[in-house]
Amino acid sequence: MASVAASNITKRFGPVTAVDGISLTVRDGEFLVLLGPSGCGKTTLLRIIAGLEMPTSGQILIDGEVVNDAPPRARGIAMVFQSYGLYPHLTVRNNIAFPLKTQGVASAEIKRKVAWAARLLDIDHLSERRPRQLSGGERQRVALARALVREPTVFLLDEPLSNLDAKLRASARSELKQFQQTVRTATIYVTHDQVEAMGMGDRIAVIDRGKLRQVGTPTEIYEHPADEFVASFLGTPPMNLIERDGGSLGFRPEAFLPRELLNGSAVMEMPFRVDRMEYLGSERILYGTLQGRAAKREVTAKLPAHVPLNGMSCGAWHEFAVRESELRLFDQQGCQVRS
Amino acid sequence: MATITTDVIPRRRKPRYLLDRVDVIGPLFIAPAIIYVLVLVALPFFLALYYSVSAFTIFDPSYRFVGFSNFLDVMKSEIFRRTLINTFVFTIGAQVIGLLLGKFAAMLLMKEFPGRGLARALVVLPWAVPVSLATLAWQWMFDSLYSVINWTLVAVGLLNPETHLQWLGQQDLAMLAVTVVHAWRLFPFGVVIFIAGFTSVPKDVLDAATVDGAGFWRRNYQIILPIIAPIVMIALIFGTVFTFTDLSVVYLLTKGGPMNGTQVLGSLAFQVGIMSGDVAHGAVICLFLFPFLLIAVVALLRALRRREI
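First to last, the protein sequences are chains A and B.
So for the first sequence, this note's numbering puts the first residue at 31; every next one is plus one.
So for the second sequence, this note's numbering puts the first residue at 34; every next one is plus one.
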C-alpha cells in the first residue's frame, strides 16, 4: 500500500507543453480520476507516473521516495492500457503470468497467483485462449488480472473502457469500481468521459491544456466548479453562464425551473423564451434565450419529464427562476468567487 | 390476420453493353494472368519434364525417349553432388547473414537520429544497383592483387602481409565470397521486412512489456520476435526461393569456378543446358529444384494463412 505524489510535473515535447506544472497526491487506497478533454495531457501525466516518459521537470514520489530515475518495473506500478496491450502470441494464462516470470517468481507461486487472479476476475475458463479469441470485456479483465498478479502499490488505468460498447461499458464500470474496492489499491484512472469520472472516482482531478484546474470529490467538482472551464466541462448540458458586471453568473440547467415550481424561497427570476425542446424519456431539455441578459451560449433548462409543461410552447416567453443558493459567481478571469 | 404482400421483383434489364456483363468482363480481366501463367510457367515446366526424359540437345534436337537415364547420369556426377551441397550452403548462408544483418540494421534505423532518412535510403542501395554493376565492384574487392578486403585485414593486423588470400581462386573462399555478396543483396529486403514488422507491433504491447518488467532481451525475443515471426517467415521463404533459383551472382563473380567450386543448381543448369547445349541434362538439373521449391511454397502459403487469423 502506498501513496503517489506528483510534484510540479512539467513535460514538453518540442514547443508543445503537454503537462504544465501539475502537483497532485493520490492517497493510499484512493480511486483518483484524471478527467479532461482529449489532448489535455492526462495520459502523458499517467505515463510519467508509470515511468514510460521522463518529465522535463518535477518529481514523482511513491511512498515519499523520489522515483524519477527508477525504471517502470522498479516502481511497483501496474498499468492497464487503452487497447489493453495484451501479448497476442501468448495464451491468457501466459499473459497473466508474464510480469511474474520477469520477476523470477517460482513456477509454483506463479501458478497459484495466476489461478487466484483469474478466479477473482472470473476468467479462469479462458486460460488457454489467445487474446484474439476474446471479446472486448474479456480482454479488459485479462489486462486487469495481469496488472493484479504483481500486487502493485498503485494501478494506472488509461481509458480502459473506451474500447467497449456503451452497454458493456456501464457494467464494466461498476465491476471495475467493485474490484478496486475489493483490492483497495491506490488507483489513477484516466478518462475523458465525465460519467465514468463522476461514477467511479473518490476524487476527480480536472485537467485542461496541461494545467490542473480542480481536484475534489465528484460533488465538489459538480456543485462548486473552480472555474468556468470545469463548470462547462461537467454536466450534460453544461452549466449556463450569463454575463454579469465583468464576471459571469452560472447555474445548472436542472436548477433552472419554471417559477411556479420554486415556491417561497429566495429566487432570481429570469424570463426565458423556449426556442426548441428535446424529449429524452426521463427528462426534457429546453433550449432558449433570456430576456435582457447576454449568455455565453444558448441557455438550457432540464426538466424532469413528469413535470407538466402547463402550456409552455416554443417561441413564447415564460417565467423561469433559479434558487439563489444554486447561483455560482465567476470573476473576470473565470474563477469562482466563493461567497 | 395480417397478410404479407411481396412485391414482384422486377426482371433485371439486360445490360446495354457487352462489357457491362459480369460473365463477360470477369473472364476478360482474369485472362491475362491465366495466359501468362500458362505460357511462361506451365508450358516451360512441362517442356522441361519432357526434355528430362528425352535425348534432346541443340545439336540433335530429337525427342527420343530415354526414360530416367538422364537422371541417373546427373546423380552419378561428382560435380552435381558438389553443386547440390553448394546450393544449400549458398541459400542458407545468404539467408542467415542477410536476415541477421537486416534485423540489427532495422533496430538501428528505428531509433531517432539526425540523417535517419538518408541512412534508410542508403541501406536500400544494394537492391537498387543492377546486379551486374554491383558484382563488378565486388570483383575488384575480391581481386587477387588489389583486394581492399585483404588490405583491410592486413591493416587491422588480422592477416599476415605475406599471405595473399585468393578470394575467388580458392574453392572455400570463393564460396564464402558468393554467399556474402548474395547476402549483401538480400540485406535491404531483410531491413525493410524487419522495419515493417517492428512498426506493426502495437505501442501498447511494448509499453505493457516495459511496465511488466521485461528488459531489452526479453522484450526483443519473447515479445517482438514472436509477434513479427509470421512476417519474418514469409521473408525467409521468399528469400530462400529466390536464392535457390538465382545464378546471377555466381555466374557474374566466378562462373561457377574455380573448378566448379561455387557451382549452384541454377548456374550448372545454365552451363550444361544452354552453354553446352545439352538441354536434356540441363532440364534434369533444373527439375531437382522443384521438390525443394514445392516444400518452400507450401510453407509460404501456410505461413500466410496463419498470418490471416
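For each residue, glycine too, the CB sits at the ideal point set by N, CA and C.
Beta carbon proximity, residue i to chain A, threshold 8 Å
i      : result
B:G246 : yes
B:P147 : no
B:A241 : yes
B:R335 : no
B:I260 : yes
B:P324 : no
B:V331 : no
B:E341 : Caution applies to B:E341, whose pLDDT of 48 falls short of 50 and renders its modelled position unreliable; the value that the coordinates give is listed next. Taking Cβ atoms only, chain A never reaches closer than 8 Å to B:E341, which makes this a no.
B:M34  : Caution is warranted here: a pLDDT of 48 is assigned to B:M34, below 50, making its placement in the model unreliable, and no coordinate value can be reported.
First and last residue of the uninterrupted alpha helix (DSSP H) at residue i
i      : result
A:G166 : 166-178
A:T215 : Note, A:T215: premise wrong, no alpha helix (DSSP H); not H, not E.
A:P301 : Taken as a continuous stretch (DSSP letters only), A:P301 belongs to no alpha helix (DSSP H), being part of the beta strand (DSSP E) at 297-309.
B:I261 : 258-277
B:L141 : 111-143
B:I318 : 312-320
B:Y284 : 281-286
B:I67  : 55-70
A:T73  : 72-80
Contacts that residue i makes with chain A (C-beta to C-beta distance below 7 Å)
i      : result
B:T238 : Looking at the sequence shown, residue 238 of chain B is not Thr but Val. Chain A residues near B:V238: G115, Y117.
B:I256 : Y117
B:R54  : Residues of chain A passing the Cβ test: none, with the nearest at roughly 41 Å.
B:P65  : The premise fails here: B:P65 is roughly 37 Å from chain A at the closest Cβ pair, so nothing lies under 7 Å.
Within chain B, the residues that residue i reaches when beta carbons sit closer than 7 Å
i      : result
A:A80  : V244
A:F128 : D245
Per-residue contacts from residue i into chain A (C-beta, under 8 Å)
i      : result
B:R338 : Near B:R338 there are no residues of chain A at all, since even the closest Cβ is about 15 Å away, more than 8 Å.
B:P291 : The premise fails here: B:P291 is roughly 47 Å from chain A at the closest Cβ pair, so nothing lies under 8 Å.
B:R251 : T132
B:P235 : S113, G115
For residue j and residue i, believed in contact at Cβ under 8 Å, the rounded distance
i      : j      : result
B:A329 : B:I267 : About 11 Å; that fails the 8 Å criterion.
A:F61  : A:M228 : Actually they do not touch by this definition, with Cβ atoms about 12 Å apart.
B:T90  : B:G294 : Their Cβ separation, rounded to whole angstroms, is 26 Å, which puts B:T90 and B:G294 out of contact at 8 Å.
B:A247 : B:Q255 : 7 Å
B:W200 : B:F175 : 4 Å
A:S76  : A:I218 : It should be pointed out that residue 76 of chain A corresponds to Leu in this sequence rather than to Ser. The Cβ separation is near 6 Å, so the contact holds.
A:R306 : A:A335 : The pair is not a contact, with the Cβ atoms about 16 Å apart (cut-off 8 Å).
A:V110 : A:A173 : 5 Å
B:L198 : B:L191 : In fact, because the Cβ distance is near 11 Å, the residues do not count as touching under 8 Å.
A:R274 : A:F259 : Not a contact, Cβ separation roughly 18 Å.
A:T55  : A:S87  : At roughly 18 Å, the Cβ-Cβ gap does not stay under 8 Å, so A:T55 and A:S87 are not in contact.
B:V156 : B:A138 : 6 Å
A:S381 : A:T121 : Since the first residue shown for chain A is 31 and the last is 369, residue 381 of chain A is missing from the structure and cannot be characterised.
A:H348 : A:P267 : No, A:H348 and A:P267 are not in contact; Cβ-Cβ is about 18 Å, not under 8 Å.
A:A175 : A:I126 : 5 Å
Cβ of residue i within 8 Å of any chain B Cβ
i      : result
A:T132 : yes
A:I272 : no
A:M84  : no
A:P45  : no
Neighbour list for residue i in chain B, Cβ cutoff strictly below 8 Å
i      : result
A:M109 : D240, A241, V244
Where residue i meets chain B, residues with beta-carbon distance less than 9 Å
i      : result
A:R103 : T243, V244, D245, G246, A247, G248
Beta strand (DSSP E) segment containing residue i, residue limits
i      : result
A:H348 : 347-353
A:N38  : 34-43
Contact with chain C by residue i, beta-carbon distance below 8 Å
i      : result
A:A235 : This model lacks chain C altogether; the protein chains it does include are A and B.
Q. Of all the alpha helix (DSSP H) runs that stay within the bounds of the segment 148-236 of chain B, which reach a length of 4 or more residues?
A. Unbroken alpha helix (DSSP H) runs of no fewer than 4 residues, entirely contained in the segment 148-236 of chain B, are found at 149-156, 158-161, 164-174, 181-188, 204-233, following chain order.
**Q.** Sequence ranges, beta strand (DSSP E) only - wholly within the segment 265-301 of chain A, length at least 3
**A.** Complete beta strand (DSSP E) runs here, min 3: 270-274, 277-281.
Q: Quick one: which unbroken beta strand (DSSP E) runs of 3-plus residues sit fully inside the segment 221-252 of chain A? Chain order, please.
A: The DSSP assignment places 233-238, 241-246 as complete runs of the beta strand (DSSP E) inside the segment 221-252 of chain A, in order along the chain (cut-off: 3 residues).
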